[in-house]
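Asks: Counted the way our numbering counts, the sequence shown spans residues 14 to 450. From the three backbone atoms N, C-alpha and C, an ideal C-beta is built for every residue, glycine too. Values in this document were obtained by computation on a predicted structure and should not be read as measured data. Please find one structure pasted underneath; my questions will follow.
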Amino acid sequence: MEKPRDIKAAKGKLGVLLPGMGAVATTFMAGVELVRKREANPVGSLTQMGTVRLGKRTENRAPLIKDFVPLAALDNLVFGGWDIFPDNAFESAAHAGVLEPHDLAKVRKFLEGISPMKAAFDQNYVKKLEGSYVKKGKTKFDLAEQIEDDIKQFRKKSGADRLVMVWCGSTEIFLRPEDVHQSIKKLEEGMKKNDPAIPPSMLYAYAAIKSGVPYANGAPNLNVDIPALTQLAHDRHVPIAGKDFKTGQTLMKTILAPGFKARMIGLSGWFSTNILGNRDGEVLDDPESFKTKEESKLGSLEYILQPHLYPTLYGKIHHKVRINYYPPRGDNKEGWDNIDIFGWLGYPMQIKVDFLCRDSILAAPIVLDLTLFLDLAQRAGLRGIQEWLSFYFKSPMCAPELYPEHDLFIQLMKLKNTLRWMRGEPLITHLGTEYYD
Ligand SMILES: NC(=O)c1ccc[n+]([C@@H]2O[C@H](COP(=O)([O-])OP(=O)(O)OC[C@H]3O[C@@H](n4cnc5c(N)ncnc54)[C@H](O)[C@@H]3O)[C@@H](O)[C@H]2O)c1
14 MEKPRDIKAA KGKLGVLLPG MGAVATTFMA GVELVRKREA NPVGSLTQMG TVRLGKRTEN
74 RAPLIKDFVP LAALDNLVFG GWDIFPDNAF ESAAHAGVLE PHDLAKVRKF LEGISPMKAA
134 FDQNYVKKLE GSYVKKGKTK FDLAEQIEDD IKQFRKKSGA DRLVMVWCGS TEIFLRPEDV
194 HQSIKKLEEG MKKNDPAIPP SMLYAYAAIK SGVPYANGAP NLNVDIPALT QLAHDRHVPI
254 AGKDFKTGQT LMKTILAPGF KARMIGLSGW FSTNILGNRD GEVLDDPESF KTKEESKLGS
314 LEYILQPHLY PTLYGKIHHK VRINYYPPRG DNKEGWDNID IFGWLGYPMQ IKVDFLCRDS
374 ILAAPIVLDL TLFLDLAQRA GLRGIQEWLS FYFKSPMCAP ELYPEHDLFI QLMKLKNTLR
434 WMRGEPLITH LGTEYYD
């Protein structure tokens, strides 16, 4: 048996800070309150519903994850956030239209008590949004300092012992890593000179890490995924994770593609279309924000199918992703996939997946799990990129010398083995020869 890691107890309140109080963030907050009131179940949340098998199969030990590792209790969560609109969480949730009015009514008072702080925002990075509820500052560095101050004030006012921040803001335009992102010194200088390669989301990530607050990025923007910030997180003992919540279509892709590869079934094309009508859809209607999302969505197949190892099966794939803003659908997206596969002797077949999904219903439990696991990671002394949380992301962050792991089942095994490792339990290899000796 390994020695268990020293994990500090989850004492006191855990503050959850959400830049971007839109559909995902409000569905998450409302959902946590509905679960706390015993009005609903936390479906989709591994931390709340999942178990972890321990020891041999004959031992029948499979505790709930939340009983196995010391996670913060839902009753101890308190919430805060920022937005470019002054609407409180109830107004914003009503506008997003994800939850039914009868559900929102049950948590109305609670949601009305959560009002956003003024955002650090710049329309150059999200062309489709125009907001008035924004911070003023001469430089990006000033704005980051104001966010740090907000964090301090929130900590005081809420009485939270520990904090976690999860970016639930809009998808910003596509940016590539540049020289200014390479070290913290360069980044800070760039912030003082208002370098255009530094979008608002980076200011939140910077402020969080400087304040010792674990940070996850739910959108596909660069955000925390730059050497300057991954290094800062490492140096300051802050866990970070990203990017882009793995919810509807990409979740399906990372479930199906490993199956094809496992059975050596070939793939010649994968055409994915989406129609959605929420604010996220409107933001993604701008080609520059869409480019950020497209890059994030395209990566998974390449990494799962490994065409360099299987050129005959996966050497020539036509992979297309389209997102169309279509208001009548609201948050209830339709993700339609046409998959061209081939089998024995190269004979072609097709699979059609039509996923009528609810974007924010799929994303909310991810926000919860990331919050609780990042807080756990910090109490367990883990720092920097938390690759074991790849399970939750479309474009998982990992060490520069590695390639990201996209296969959902490998990701899950990695996550659960990390929990076993934390608690000093033997890792599960699925070898199992001992049962037949
Ligand atoms: N299934 C999903 O819903 C899903 C999956 C993966 C990723 N995402 C990403 O999560 C994010 C949130 O999605 P959503 O559906 O809640 O979108 P949304 O448009 O409803 O909410 C985003 C909110 O962020 C605010 N915002 C924008 N820039 C900001 C800034 N600089 N500071 C503070 N607030 C800011 C907007 O005003 C808006 O209220 C998006 O980037 C989206 O791409 C969502």
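Would you report the Cα separation of Ile-186 and Glu-143, rounded to the nearest angstrom?
Replies: If you number the sequence shown from 1, residue 186 lands on position 173. If you number the sequence shown from 1, residue 143 lands on position 130. Going from the Cα of Ile-186 to the Cα of Glu-143 covers about 15 Å.
Asks: Entirely within the stretch 195–258 and at least 3 residues each: give me those beta strand (DSSP E) ranges in chain order.
Replies: Qualifying beta strand (DSSP E) stretches, in chain order: 228–230, 252–254.
Asks: May I ask which residues mark the beginning and end of the alpha helix (DSSP H) holding Lys-170?
Replies: The count along the sequence shown starts at 1 and reaches residue 170 at position 157. Unbroken alpha helix (DSSP H) run through Lys-170: 153–171.
Asks: Could I get the ranges of all uninterrupted alpha helix (DSSP H) runs contained in the stretch 101–155, with 4 residues as the minimum, in chain order?
Replies: For the stretch 101–155, whole alpha helix (DSSP H) runs of length 4 or above, ordered along the chain, are 102–109, 114–119, 121–125.
Asks: Who are the near neighbours of Asp-208 in its chain, counting only those whose CB is closer than 7 Å to its CB and skipping five residues on each side?
Replies: For the purposes of this step, residue 208 is identified with residue 195 of the sequence shown, where counting begins at 1. So the list reads Val-193, once near-sequence residues are dropped.
Asks: For Pro-340, would you say it is in contact with chain B, using Cβ-to-Cβ distances shorter than 7 Å as the test?
Replies: The question asks about chain B, but that chain is absent: this structure has only one protein chain.
Asks: Any heavy atom of ligand 1 within a distance shorter than 6 Å of the CB on Arg-292?
Replies: As a first step, residue 292 is located in the sequence shown; it is residue number 279 there, counting from the start. At least one heavy atom of ligand 1 is nearer than 6 Å to the Cβ of Arg-292, so yes.
Asks: For Gly-126, verify whether its CB is less than 6 Å away from any heavy atom of ligand 1.
Replies: Translated into the one-based positions of the sequence shown, residue 126 becomes position 113. No, the beta carbon of Gly-126 sits no closer than 6 Å to any heavy atom of ligand 1.
Asks: Give me the residue from Asp-163, Ile-354, Leu-375, Ile-374 with the minimum Cα distance to Pro-129.
Replies: Along the sequence shown, one-based indexing puts residue 129 at 116. When only C-alpha atoms are compared, the closest one is Asp-163.
Asks: Hey, is Val-48 close to ligand 1, as in C-beta under 6 Å from one of its heavy atoms?
Replies: Taking the first residue of the sequence shown as position 1, residue 48 is located at position 35. Checking every heavy atom of ligand 1 against the Cβ of Val-48, none is found closer than 6 Å.
Asks: Taking 7 Å as the limit between beta carbons, can you name the residues of its chain near Ile-268, skipping five residues before and five after?
Replies: Position 255 of the sequence shown, counted from the first residue, corresponds to residue 268. Excluding residues within five positions, the ones whose Cβ falls inside 7 Å are Leu-421.
Asks: Can you tell which of Pro-439, Arg-433, Thr-446 has the C-alpha that lies nearest to the C-alpha of Ile-20?
Replies: Taking the sequence shown and counting its residues from 1, the one referred to as residue 20 is at position 7. Comparing Cα positions, the closest option is Arg-433.
Asks: At a threshold of 6 Å, does Leu-375 count as lining ligand 3 (C-beta to nearest heavy atom)?
Replies: Ligand 3 is absent from the structure shown, which contains only ligand 1.
Asks: Would you say Phe-134 touches ligand 1, meaning its beta carbon is less than 6 Å from a heavy atom?
Replies: As a working mapping, residue 134 is identified with position 121 in the sequence shown. Indeed, a heavy atom of ligand 1 lies less than 6 Å from the Cβ.
Asks: Touching or not, the stretch 402–409 and the stretch 75–91, by the rule of three or more beta carbon pairs under 8 Å?
Replies: No, they do not touch.
Asks: Where does Lys-274 sit, in a helix, a strand or coil, going by DSSP?
Replies: As a first step, residue 274 is located in the sequence shown; it is residue number 261 there, counting from the start. Of the three classes helix, strand and coil, the one that applies to Lys-274 here is helix, per DSSP.
Asks: For Asp-372 and Asn-291, which I take to be in contact (beta-carbon distance under 8 Å), what is that distance rounded to the nearest angstrom?
Replies: One-based indexing of the sequence shown puts residue 372 at position 359. One-based indexing of the sequence shown puts residue 291 at position 278. With a Cβ gap of about 7 Å, Asp-372 and Asn-291 count as contacting.
Asks: Quick check: does the Cβ of Ser-183 come within less than 6 Å of any heavy atom belonging to ligand 1?
Replies: For this step, residue 183 is matched to residue 170 along the sequence shown. Indeed, a heavy atom of ligand 1 lies less than 6 Å from the Cβ.
Asks: Which residue from Gln-244, Leu-245, Glu-347 puts its Cα closest to that of Ser-285?
Replies: What you label residue 285 is simply residue 272 of the sequence shown in a count that begins at 1. Out of Gln-244, Leu-245, Glu-347, Glu-347 has the C-alpha closest to the C-alpha of Ser-285.
Asks: For Lys-304, which residues of its own chain have a beta-carbon under 7 Å away from its beta-carbon, when the five flanking residues on both sides are left out?
Replies: As a position in the sequence shown, residue 304 is number 291, starting the count at 1. Only Phe-187 meet the Cβ criterion.
Asks: Would you mind stating whether Phe-154 and Met-204 have Cβ atoms separated by less than 7 Å?
Replies: Taking the sequence shown and counting its residues from 1, one reaches residue 154 at position 141. Taking the sequence shown and counting its residues from 1, one reaches residue 204 at position 191. Cβ distance < 7 Å, so Phe-154 and Met-204 count as in contact.
Asks: Return yes when the Cβ of Ser-408 is within less than 7 Å of the Cβ of Lys-256, no when it is not.
Replies: Within the sequence shown, the letter at position 243 stands for residue 256. Within the sequence shown, the letter at position 395 stands for residue 408. In this structure, Ser-408 lies closer than 7 Å to Lys-256 by Cβ.
Asks: What does DSSP give as the partner residues of Lys-333 in its beta bridges?
Replies: The residue you call residue 333 lines up with position 320 of the sequence shown. Answer is Phe-284, bridged to Lys-333.
Asks: So what does Gln-363 bridge to, in DSSP terms?
Replies: For the purposes of this step, residue 363 is identified with residue 350 of the sequence shown, where counting begins at 1. Its beta-bridge partners are Asp-353.
Asks: At a cut-off of 6 Å, would you count Thr-260 as near ligand 1, judging by its Cβ distance to the nearest heavy atom?
Replies: Along the sequence shown, read from residue 1 onward, the residue named residue 260 stands at position 247. The answer is yes for Thr-260.
Asks: Might you give, ordered along the chain, the residues of its own chain that have their beta carbon closer than 7 Å to the beta carbon of Gly-328, omitting 5 neighbours on each side?
Replies: Position 315 of the sequence shown holds residue 328. Pro-320, listed in sequence order.
Asks: Which two residues bound the contiguous alpha helix (DSSP H) that contains Trp-401?
Replies: Looking up residue 401 in the sequence shown gives position 388. Counting along the chain, Trp-401 falls outside any alpha helix (DSSP H), and DSSP gives it neither H nor E.
Asks: Can you tell me which residues form a DSSP beta bridge with Leu-77?
Replies: Taking the sequence shown and counting its residues from 1, the one referred to as residue 77 is at position 64. DSSP, once it has assigned bridges, lists Thr-64 as partnering Leu-77.
Asks: Of the choices Pro-378, Glu-104, Glu-161, Glu-125, whose alpha-carbon is the least far from that of Ala-132?
Replies: Here the question's residue 132 lines up with position 119 in the sequence shown. Comparing Cα positions, the closest option is Glu-161.
Asks: Report yes if the CB atom of Leu-235 is closer than 7 Å to the CB atom of Ala-218, and no otherwise.
Replies: Numbered from 1 along the sequence shown, position 222 holds the residue referred to as residue 235. Numbered from 1 along the sequence shown, position 205 holds the residue referred to as residue 218. For Leu-235 and Ala-218, no; Cβs fall outside 7 Å.
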